[in-house]
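Participant: First the structure, then my questions, so here it is.
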Amino acid sequence: MSERSGYKSGVPCWVDLSSTDVTLSVRFYREIFGWEAVFDPRPEAGGHGRFTLRGKAVAGIGPSRGDGGSSVWNTWVATEDAGLTAARVREAGGEVVVEPAGVFGEGAMTVVRDPSGASVTAWQVGPRQGAEIVGEPGALAWNELVTRDTARCGAFYPAVFGWGVKDVDGAGGRCVEWQVDGHPVAGMTESGPRVPPDTPPHWLAYFAAEDVDATVARAEELGGTVVLPRTPAPRGPVAVLADPQSALFAVVGPDRPPAVSPAVRRPADGPPARAGHGPAGTGPARAEHESDPAPSPGQVDLSCGVS
Numbered sequence: 000m001s002e003r004s005g006y007k008s009g010v011p012c013w014v015d016l017s018s019t020d021v022t023l024s025v026r027f028y029r030e031i032f033g034w035e036a037v038f039d040p041r042p043e044a045g046g047h048g049r050f051t052l053r054g055k056a057v058a059g060i061g062p063s064r065g066d067g068g069s070s071v072w073n074t075w076v077a078t079e080d081a082g083l084t085a086a087r088v089r090e091a092g093g094e095v096v097v098e099p100a101g102v103f104g105e106g107a108m109t110v111v112r113d114p115s116g117a118s119v120t121a122w123q124v125g126p127r128q129g130a131e132i133v134g135e136p137g138a139l140a141w142n143e144l145v146t147r148d149t150a151r152c153g154a155f156y157p158a159v160f161g162w163g164v165k166d167v168d169g170a171g172g173r174c175v176e177w178q179v180d181g182h183p184v185a186g187m188t189e190s191g192p193r194v195p196p197d198t199p200p201h202w203l204a205y206f207a208a209e210d211v212d213a214t215v216a217r218a219e220e221l222g223g224t225v226v227l228p229r230t231p232a233p234r235g236p237v238a239v240l241a242d243p244q245s246a247l248f249a250v251v252g253p254d255r256p257p258a259v260s261p262a263v264r265r266p267a268d269g270p271p272a273r274a275g276h277g278p279a280g281t282g283p284a285r286a287e288h289e290s291d292p293a294p295s296p297g298q299v300d301l302s303c304g305v306s
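When we follow numbering that gives the first Met the number 0, the leftmost residue of the sequence shown carries the number 0, and every step to the right adds one.
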């Protein structure tokens, strides 16, 4: 069991799914990961909620907004100060999509885009820290940026989140392990030649699985698609899947799951934000990400595995 009570600044702390069919998504992820869905009944929550494992929050869930919405998994990174993070984003050449705002007294957030166009959310942790279970079957295990612009992104993220940088061996292109206090917390993979040139950059969420082959088989039975078959990787076998709404995610076997840095708690403040499915279960709405082009099945290259 890998329960978390908090996250140090710079550590990915949460993921949430914007879905074009919430009911189908709940059924799919319940079957492959054993998740249950708990929704906030308040009107301002907009139909958003949390996925739980053994009663502990592991991810967010909510509807995509508008006819042009897409299904996508979004990555959140803990920060001490959402306002300062937004300022650093601008200084480093990124874009602030949603200005820093408090979320029902549970934390504060800002949604940003890196220089290559990939979106990520910075979460100023408060009473709600993020995922309460990580690194075990059915829980978040790793987050990795897939992009062709590794030069600019390689400079951007350390400037914004203070990450240390370690280049690692990969099958092709540049592969980077980002660190906090010497602990690996996230990675970056350069999209290789197998990937169509119009593939949008994106953050890929990895979930731990006790049996990768069984998880892949069950996902296919439920209408999912295998994007990258089971492949050896430094921290265990990996497969990349698309759920029935084409949201991409990865599963990684139990061999040497990525380490995470020590937990800390931080205060949060700021004005209320619109409801959604952040770590608080009523966090910011995800419409900010839904205008981004979502990567499609067949567009993922995992050169580094779980870097």
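Note that beta-carbon positions come from the ideal geometry of N, C-alpha and C, so glycine has one too. Note that this is a predicted model, so its numbers are computed, not measured.
#1: What does the alpha-carbon distance come out to for the pair Val-239 and Ala-213?
#2: Classify Asp-166 as buried or exposed, calling it buried when 16 or more other Cβ atoms lie within 10 Å of its own Cβ.
#3: Give the secondary structure of Val-14 by DSSP, where H, G and I count as helix, E and B as strand, and everything else as coil.
#4: Classify Val-102: buried if its beta carbon has 16 or more other beta carbons within 10 angstroms, exposed otherwise.
#5: Can you name, in chain order, every residue of its own chain whose Cβ lies under 6 Å from the Cβ of Pro-231, other than the five neighbours on each side?
#6: Using 10 angstroms around the beta-carbon of Pro-11, count the other beta-carbons present and answer buried if the total reaches 16, otherwise exposed.
#7: Distance, Cα to Cα, Asp-20 vs Val-57?
#8: Name the two residues that bound the continuous alpha helix (DSSP H) containing Arg-217.
#9: Could you tell me the alpha carbon to alpha carbon distance between Val-95 and Val-226, rounded to whole angstroms?
#10: Phe-32: which of Trp-75, Ser-118, Glu-189, Ala-218 sits nearest, CA to CA?
#11: By Cβ distance, which residues of its chain are closer than 7 Å to Ala-117, with the 5 residues on each side in sequence left out?
#12: By the three-class DSSP mapping on this structure, what secondary structure does Tyr-205 have?
#13: Within 10 angstroms of the Cβ of Arg-41, are there 16 or more other Cβ atoms? Answer buried if so, exposed if not.
#14: Could you tell me which of Ala-241, Gly-223, Ala-207 sits nearest to Gly-252, measuring between CA atoms?
#15: Have a look at Ser-4, Ser-8, Ser-1 and flag the residue whose alpha-carbon is nearest the alpha-carbon of Tyr-156.
#16: Could you check which residue in Thr-149, Gly-48, Gly-137 has the C-alpha nearest to that of Pro-114?
#17: Could I get the ranges of all uninterrupted alpha helix (DSSP H) runs contained in the segment 46-122, with 4 residues as the minimum, in chain order?
#18: Hey, Ala-204 and Asn-142 are a contact pair by Cβ (cut 8 Å); roughly how many whole angstroms apart?
#19: Report the rounded CA-to-CA distance for Val-110 versus Ala-121, giving the unit in angstroms.
#20: Quick one, are the C-beta atoms of Gly-61 and Gly-82 less than 8 Å apart?
#21: Helix, strand or coil: which one does DSSP assign to Gly-223?
#22: Using 8 Å for Cβ pairs, my map puts Thr-51 next to Glu-30. What's the rounded Cβ distance?
#23: In whole angstroms, what is the alpha-carbon distance linking Ser-105 and Glu-131?
Facilitator: With the given structure in hand:
#1: On the sequence shown, residue 239 is found 240 positions in, with the first residue counted as 1. On the sequence shown, residue 213 is found 214 positions in, with the first residue counted as 1. Taking the straight line joining both Cα atoms gives about 13 Å.
#2: Here residue 166 refers to the residue found at position 167 of the sequence shown. So Asp-166 ends up on the exposed side.
#3: Stepping through the sequence shown from its first residue, residue 14 is reached at position 15. DSSP places Val-14 in strand when its eight states are reduced to three.
#4: Against the sequence shown, residue 102 aligns to sequence position 103. With 16 or more other Cβ atoms inside 10 Å of its own Cβ, Val-102 counts as buried.
#5: Translated into positions along the sequence shown, residue 231 becomes position 232. Within the same chain, Pro-231 has no close Cβ partners at all.
#6: Position 12 of the sequence shown holds residue 11. With 16 or more other CB atoms across the displayed protein chains lying within 10 angstroms of its CB, Pro-11 is buried.
#7: Here residue 20 is taken as the residue at index 21 of the sequence shown, counted from 1. Here residue 57 is taken as the residue at index 58 of the sequence shown, counted from 1. Rounded to the nearest whole angstrom, the CA to CA distance from Asp-20 to Val-57 is 19 Å.
#8: In the sequence shown, residue 217 corresponds to position 218, counting from 1. In this chain, the alpha helix (DSSP H) harbouring Arg-217 covers 211-220.
#9: Position 96 of the sequence shown, counting from 1, holds the residue named residue 95. Position 227 of the sequence shown, counting from 1, holds the residue named residue 226. One C-alpha to the other measures close to 31 Å.
#10: The residue labelled residue 32 in the question sits at position 33 within the sequence shown. Of Trp-75, Ser-118, Glu-189, Ala-218, the residue nearest in Cα terms is Ala-218.
#11: Looking up residue 117 in the sequence shown gives position 118. Around Ala-117: Leu-144, Thr-146, Pro-200, His-201, Trp-202.
#12: Residue 205 sits at position 206 when you count from the first residue of the sequence shown. If DSSP states are grouped into helix, strand and coil, Tyr-205 belongs with the strands.
#13: Stepping through the sequence shown from its first residue, residue 41 is reached at position 42. Its Cβ having fewer than 16 others within 10 Å, Arg-41 is exposed.
#14: As a working mapping, residue 252 is identified with position 253 in the sequence shown. The option with the nearest alpha carbon to Gly-252 is Ala-207.
#15: Here residue 156 refers to the residue found at position 157 when the sequence shown is read from its first residue. Across the set Ser-4, Ser-8, Ser-1, the C-alpha of Ser-8 shows the shortest separation from the C-alpha of Tyr-156.
#16: By 1-based counting over the sequence shown, the position of residue 114 is 115. Pro-114 has its Cα closest to that of Thr-149, out of Thr-149, Gly-48, Gly-137.
#17: Annotation: the segment 46-122 contains the following complete segments of the alpha helix (DSSP H) (minimum length 4 residues), in chain order: 81-90.
#18: Within the sequence shown, the letter at position 205 stands for residue 204. Within the sequence shown, the letter at position 143 stands for residue 142. Right, their Cβ atoms sit about 6 Å apart.
#19: Walking along the sequence shown from the start, residue 110 turns up at place 111. Walking along the sequence shown from the start, residue 121 turns up at place 122. Those two C-alpha atoms are separated by around 6 Å.
#20: As a position in the sequence shown, residue 61 is number 62, starting the count at 1. As a position in the sequence shown, residue 82 is number 83, starting the count at 1. Not closer than 8 Å, so no.
#21: On the sequence shown, position 224 is the one that residue 223 refers to. Residue state, collapsed to three classes: coil.
#22: Taking the first residue of the sequence shown as position 1, residue 51 is located at position 52. Taking the first residue of the sequence shown as position 1, residue 30 is located at position 31. No, Thr-51 and Glu-30 are not in contact; Cβ-Cβ is about 15 Å, not under 8 Å.
#23: Residue mapping note: residue 105 aligns to position 106 of the sequence shown, counting from 1. Residue mapping note: residue 131 aligns to position 132 of the sequence shown, counting from 1. Note on identity: in this sequence residue 105 is Glu, with Ser being the wrong assignment. Going from the Cα of Glu-105 to the Cα of Glu-131 covers about 15 Å.
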